Structure formats: structure tokens, C-alpha cells
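Residue numbering for the sequence shown follows our numbering, beginning at 18 and increasing consecutively.
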Amino acid sequence: MAAAPLRVLACGDVEGRLEAIFGRVRAIQAKSGRFDMLLCVGNFFGSTCEAEWAEYRTGAKQAPIPTYVLGANSPDTLSYFPDVSGCELAENITYLGRRGVYSGCSGLQIAYLSGTEAQQQPEPAHCFSAKDVAELKTSLLSTPNFRGVDILLTSPWPRDVGTFANSAGEIDTKKCGSKLVADLAASLKPRYHFAALEKTYYERLPYRNHMVLQETPQHVTRFIALADVGNTSKKKYLYAFSIVPMSSMDPAELVKQPQDVTENPYRKLRKEAPKNKAPLSAEEEPACQFFFDLNKHRGRNVPQTGEREGTPKLSKPRNPVTQPTGPCWFCLASPEVEKHLVVSIGTHCYLALAKGGLSPDHVLILPIGHYQSVVDLSSEVLEEVTKYKAALKEFFRSKGKRYVLFERNYRSQHLQLQVIPVPLDLCTSEDIKEAFITQAQEQQIELLEIPEHSDLAQVAQPGMPYFYVELDTGEKLFHRIRGRFPLQFGREVLASEALLAQPQRADWRQCAAQRPEEAAQARAFRQDFEPFDFSLRD
18 MAAAPLRVLA CGDVEGRLEA IFGRVRAIQA KSGRFDMLLC VGNFFGSTCE
68 AEWAEYRTGA KQAPIPTYVL GANSPDTLSY FPDVSGCELA ENITYLGRRG
118 VYSGCSGLQI AYLSGTEAQQ QPEPAHCFSA KDVAELKTSL LSTPNFRGVD
168 ILLTSPWPRD VGTFANSAGE IDTKKCGSKL VADLAASLKP RYHFAALEKT
218 YYERLPYRNH MVLQETPQHV TRFIALADVG NTSKKKYLYA FSIVPMSSMD
268 PAELVKQPQD VTENPYRKLR KEAPKNKAPL SAEEEPACQF FFDLNKHRGR
318 NVPQTGEREG TPKLSKPRNP VTQPTGPCWF CLASPEVEKH LVVSIGTHCY
368 LALAKGGLSP DHVLILPIGH YQSVVDLSSE VLEEVTKYKA ALKEFFRSKG
418 KRYVLFERNY RSQHLQLQVI PVPLDLCTSE DIKEAFITQA QEQQIELLEI
468 PEHSDLAQVA QPGMPYFYVE LDTGEKLFHR IRGRFPLQFG REVLASEALL
518 AQPQRADWRQ CAAQRPEEAA QARAFRQDFE PFDFSLRD
């Protein structure tokens with residue numbers, strides 16, 4: 018069965034006219050049915066929109082559909098974007114971040130680049146540099162069998178986009194726009210590319226992404242520039258379209274060429290572009306690095322490539338996932354990470370000692386593939402996470418301990434389930450809950466108890482930052498992160514006098530041991546855990 022198309026709206030510069038754009042969206046939905054998302058390029062905020070924005074920021078009003086916006090294009094609006102890596106600005110309004118790729122459960126891939134091209138070094142906070150573009154390109158081009166992205170969002174037009182095409186009216190595309198954006202578009206081969214800032218509407222004829230008779234046919238790109246919302250000239254600022262994700266399309270259907278297709282406007286760039294060798298930098302908070310030495314301590318016969326024979330490919334995440342723009346310290350196949358702390362490898366997940374742990378048996382449950390949070394996990398991965406939790410519960414109970422598990426889906430790229438054992442005779446589960454709730458109240462954090470058998474996906478929406486605590490009794494606490502959040506909160510509570518009474522260990526950096534000691538701790542844990550390790554028996 019063919020995948021159902023997604024219904025998407027894209028708009029140009031909102032400039033703080035929130036009632037205008039959301040009113041228009043409501044009217045369209047009332048007439049044509051519901052859309053899946055609204056993508057905003059250009060200036061989302063204006064210089065005088067604080068009063069109107071406050072109603073949405075406080076929750077008094079709500080965007081009618083999930084809305085995804087790019088960052089500031091000038092210093093005037095920087096204050097509206099508190100986290101460069103992206104965050105939820107208000108109910109149903111998400112800032113994507115400086116640069117990256119946003120993916121959904123449908124497989125739709127949206128690449129984005131915020132700001133305008135820097136004209137000086139170091140680049141201002143509202144600008145992007147050649148390094149930003151190189152890192153975004155490398156993160157995608159290094160993906161096996163990369164064919165392109167479904168959608169590219171930028172605020173500036175790409176330079177020379179009008180070459181071989183229909184007229185852009187008063188806009189001189191040889192002088193207007195960004196060369197870096199042109200380079201990005203040439204490399205990422207989006208099926209749709211949206212931009213704004215020029216206060217006009219321009220739908221370029223589709224262009225091909227291959228050289229005829231020299232390269233295998235590929236899909237075409239449609240570039241669409243949108244005007245500013247509510248402009249008096251009545252230029253088009255809202256564009257509606259349906260799209261089936263590239264990953265779900267029949268290859269022959271994907272590469273069909275429309276009759277009005279033109280040559281690629283960036284053909285010269287494609288020929289001249291050198292191979293990118295810019296270093297990548299992970300934006301995740303520097304934390305533990307893990308990798309299993311596949312030549313030793315194998316629970317089962319694992320090929321040296323790191324891929325299990327006969328293991329099916331991981332299914333797609335069920336919810337949107339922000340993919341890393343640089344090396345991930347927790348993807349098991351990454352060559353960037355350390356190799357001595359992993360203590361168990363399953364089919365979809367692995368177990369590793371925490372670097373700088375609160376105790377020698379502080380462990381992490383991590384997916385082998387790249388998933389950002391629990392709510393993004395496929396059913397197979399989630400099932401194995403549950404098996405690891407059950408094994409750890411049995412293991413720690415045999416040692417006279419209970420575990421506390423927490424996840425911080427904020428300022429992180431890869432899911433890390435922190436599992437910390439606490440002696441049974443030290444405190445009860447009620448003591449642990451009370452410690453978390455009390456310290457949350459002191460820091461004005463709303464930490465709510467959720468039903469024991471509830472699914473986290475029922476309270477955490479796709480892309481929503483959150484903090485989550487689970488006891489081995491099944492009791493759960495949840496906080497939806499709306500702004501800033503203390504990165505060490507979970508460790509601080511557990512290390513406090515109310516629980517482990519080791520406040521000096523709240524910061525993992527102060528607890529990191531030398532590599533030989535870490536390796537010895539991992540060997541000891543691995544041996545101790547072996548009778549409970551289902552991965553050695555499955």
C-alpha cells in the first residue's frame with residue numbers, strides 16, 4: 018500500500034503577525050481539511066510583536082497546527098530564541114535550531130539552516146558561516162545511499178537560482194541571495210526548497226539534479242520563495258502542498274521528469290565543489306563516550322563490522338527525530354568513541370557504565386542506532402529497552418538495591434537512560450519521589466506523577482523536550498521543559514543528602530576515573546551481570 022501523502026503549509030516572513038497567519042491557516046483548514054504542519058521561513062518575529070507573542074508564549078492562545086520556525090535574521094529578534102540547538106517556544110510552535118535535519122515518523126526529512134550568510138568573522142549570532150553549511154552537508158552526505166532531502170528551509174534565497182529559469186521579476190538572482198545556500202541546495206538536492214526575505218513570491222520552474230545522459234536520473238527540485246504575511250500587494254505568502262516522503266516512494270515515480278524541467282542552476286557549483294573535509298562538532302553537552310570493543314567480550318557472534326548477521330534493519334522512528342549534525346558519541350557504530358565501558362550488547366540496545374558515574378554500578382541503556390528520546394523509539398527497540406530494565410531490576414534487587422531511571426530529552430542528541438542503584442535500606446520509593454518533587458519545587462520545576470502503566474508517548478508529543486523519572490516499581494514523574502532546564506538536575510537530586518548523600522558527585526566531570534580503573538569496573542560489572550544478561554542467551 019502506498020504511503021499517505023502529508024499535507025504541508027509553508028509561509029514567508031511572519032514578522033510577528035501571528036493572528037494574521039494563524040487566522041489564515043484556520044480558514045484554510047475549515048475549507049480544505051486539516052494540514053499536518055506549518056513551516057515558516059524568513060523573519061518569524063518582528064521588532065514590535067511582544068504583546069501579540071506574549072499571548073502564545075503564556076498559553077493564552079495556541080497555534081492551530083504544529084508550527085516549525087527558523088531562527089533570527091537580525092540582532093533585533095535574537096532574544097526570542099533562547100536555545101541555539103532548538104526548543105519549543107510555545108504550545109505547538111517549535112524553533113528548529115541553528116542547522117540540522119528534522120525527521121518524522123512518516124520518514125519525511127526536512128533540512129534547515131537559520132539566519133543569513135555572515136559577512137564577517139567571527140560570524141554574529143544571527144548568521145551562518147561556511148563551516149555551518151559544511152557540517153550540515155557532511156552529516157547528510159555521509160549517510161549511506163543518500164539521495165537527497167524532501168524539504169530544505171532557509172531564509173535567504175540561493176544565489177543564481179534564476180539561471181536557466183523563468184523570470185524572478187524585479188529580483189536579480191545573480192546578485193540576490195546567498196552563495197552558501199546555493200551550495201547547500203546543490204548538495205542536498207531537496208525536492209522542495211522554501212525561502213523568503215525578499216518580500217515577493219517566486220515559484221521557479223523545477224530543475225533536474227542530474228546531468229542528462231551522463232548520470233542516473235534523479236528527482237527534480239522545486240524552489241519557492243514566499244512573500245511577507247499580510248502584504249498589501251497581495252503577493253502569495255502561504256503555499257499548500259502534499260508530499261509523500263522520498264523514503265516511501267517508488268523509485269521510478271520519484272525520478273519522473275515534468276515537461277517544464279530545466280537545467281540545474283547550480284551546475285557550475287556542482288562541478289567545482291571540492292570534497293568537504295570540515296571537522297564536525299557535536300553540539301551535545303560533552304558527556305560519556307562509549308563503544309564496545311567487538312574483538313572482546315562478545316555475548317554472541319557479532320561480525321567485526323558491528324552489524325549483526327541476520328538482524329533486520331531498524332525500523333523508522335515513530336515520532337520526529339532531530340538527527341545529529343556531527344559525530345554522535347553514543348551511536349554504537351561510531352569510530353569516534355571509547356571502547357571499554359560497554360558491558361552488554363543486545364539486538365537493538367546496549368548497556369554501558371556511565372563515565373563519572375554516581376556509583377561504580379551506574380549504567381546507561383542506549384539504543385544502538387540513532388534515536389533522540391524514548392518517544393522516538395520503534396517498537397522493537399522499546400521492547401528491548403524494557404527487557405534491559407527488567408534484567409537490571411532483578412540484578413540490583415539481588416544486591417539489595419532498587420534502581421532509579423531518568424531521561425533528559427533536552428540539549429542531547431542520543432537517548433541516554435541513566436540507571437542508578439540505591440540501597441533498599443537507605444530509602445523507600447516514596448522517599449525518592451519526595452526528593453525529586455521537593456527539589457523540583459525549589460527550582461520552580463513542575464514535576465508531575467503520571468499513571469504507572471501509561472505510555473510516555475501519551476504525555477510527550479513528538480519533538481517535545483522533557484525530563485522523566487521512573488522507579489523500578491513502575492512509578493513515573495514527568496516534567497515538560499518549556500525553557501531552560503538544569504542539565505545535572507537528575508544527578509543533583511540523587512546525590513543530595515536526602516538520598517545518596519554524595520553532593521560532591523553531582524557533576525560527572527568531578528567523578529571521572531582513569532581509563533584502567535574504568536576498564537576494571539566494566540569487567541567487574543560485566544562478570545557480575547552475566548547471569549541476568551538476556552543478550553547472552555537470546
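The C-beta atom is built at its ideal place from N, Cα and C for all residues, glycine as well.
Predicted model, so just to flag it, every value in this text is computed and none were measured.
- Distance check between Val-360 and each of Ala-68, Phe-211, Lys-285, Asp-378 places Asp-378 closest, using alpha-carbon atoms only.
- Going by C-alpha positions, Tyr-85 is about 21 Å away from Glu-220.
- In this structure, Val-246 lies near Arg-41, with their beta-carbon atoms less than 9 Å apart.
- When the beta-carbon positions are compared, Val-486 and Leu-494 come within less than 9 Å of each other.
- The beta carbons of Asn-109 and Gln-79 sit closer together than 9 Å.
- Between the C-alpha atoms of Ser-513 and Gln-519 there is a straight-line separation of about 6 Å.
- Less than 9 Å separates the beta-carbon of Leu-113 from that of Leu-170.
- When DSSP states are grouped into helix, strand and coil, Gln-458 belongs to the helix group.
- Proximity to Pro-282 across Thr-455, Val-398, Asn-226 peaks at Asn-226, based on C-alpha coordinates.
- One alpha carbon belongs to His-357, the other to Gln-531, and they sit about 12 Å apart.
- Note on Pro-99: under 16 other CB atoms within 10 angstroms of its CB, so exposed under the neighbour-count rule.
- Scanning Ala-515, Phe-211, Thr-217 for the CA closest to the CA of Lys-251 turns up Thr-217.
- With contacts defined as CB atoms closer than 9 Å, Leu-422 and Leu-434 qualify as a contacting pair.
- At a cut-off of 3 residues, the continuous stretches assigned as beta strand (DSSP E) that sit fully inside the stretch 480-549 are 483-488, 493-497.
- Its Cα nearest to that of Pro-92, the residue Thr-133 stands out among Trp-70, Tyr-129, Thr-133.
- Exclusion of the five residues before and after Met-228 leaves no residue of its chain whose Cβ lies closer than 6 Å to its Cβ.
- Secondary structure of Arg-115 (DSSP, three-state): coil.
- By DSSP's assignment, Gln-137 forms no beta bridge with any residue.
- Closest in C-alpha terms to Phe-62, from the list Leu-106, Val-101, Ala-47, Phe-52, comes Leu-106.
- Shown here, Val-398 sits in a helix according to DSSP, grouped into three states.
- Scanning its chain for C-beta atoms nearer than 7 Å, with the 5 sequence neighbours on each side dropped, one finds around Phe-163 the residues Leu-157, in chain order.
- Apart from the 5 residues on each side of it in sequence, Lys-253 sits with its Cβ closer than 8 Å to the Cβ of Tyr-218, Leu-243, Ala-244 in its chain, given in chain order.
- Between the alpha carbons of Pro-482 and Arg-428 lies a distance of about 9 Å.
- When the five nearest sequence neighbours on each side are left out, the beta carbons in the same chain lying within less than 7 Å of the beta carbon of Gly-194 are those of Pro-173, Trp-174, Pro-175, Arg-176, Val-178, in order along the chain.
- Here Tyr-405 is not bridged, per DSSP, to any residue.
- Just measuring C-alpha positions, the residue of Thr-249, Leu-511, Pro-503, Ile-241 sitting nearest Leu-375 is Leu-511.
- Contact annotation, Met-54 with Pro-22: C-beta distance approximately 13 Å; criterion of less than 8 Å not satisfied.
- The shortest C-alpha to C-alpha distance from Lys-418 to any of Lys-404, Ala-515, Leu-443, Asn-248 is the one to Leu-443.
- Around Thr-65, the same chain offers Gly-33 as residues with beta carbons nearer than 8 Å, after the five sequence neighbours per side are excluded.
- Each of Ala-452, Thr-233, Lys-410, Glu-447 was checked against the Cα of Asp-489, and the nearest Cα belongs to Lys-410.
- With 16 or more other Cβ atoms inside 10 Å of its own Cβ, Ser-131 counts as buried.
- Between the C-alpha atoms of Gly-59 and Gly-76 there is a straight-line separation of about 24 Å.
- Around the beta-carbon of Leu-465, fewer than 16 other beta-carbon atoms lie within 10 Å, marking it exposed.
- For Met-54, the pairing in a beta bridge is given by DSSP as Val-25.
- Secondary structure within the stretch 196-259: the beta strand (DSSP E) runs of 3 or more consecutive residues, fully enclosed, are 209-212, 237-242 (chain order).
- For the beta strand (DSSP E) assignment, the uninterrupted runs of no fewer than 3 residues enclosed by the stretch 64-123 are, from N- to C-terminal side, 84-86, 104-107, 110-112, 116-120.
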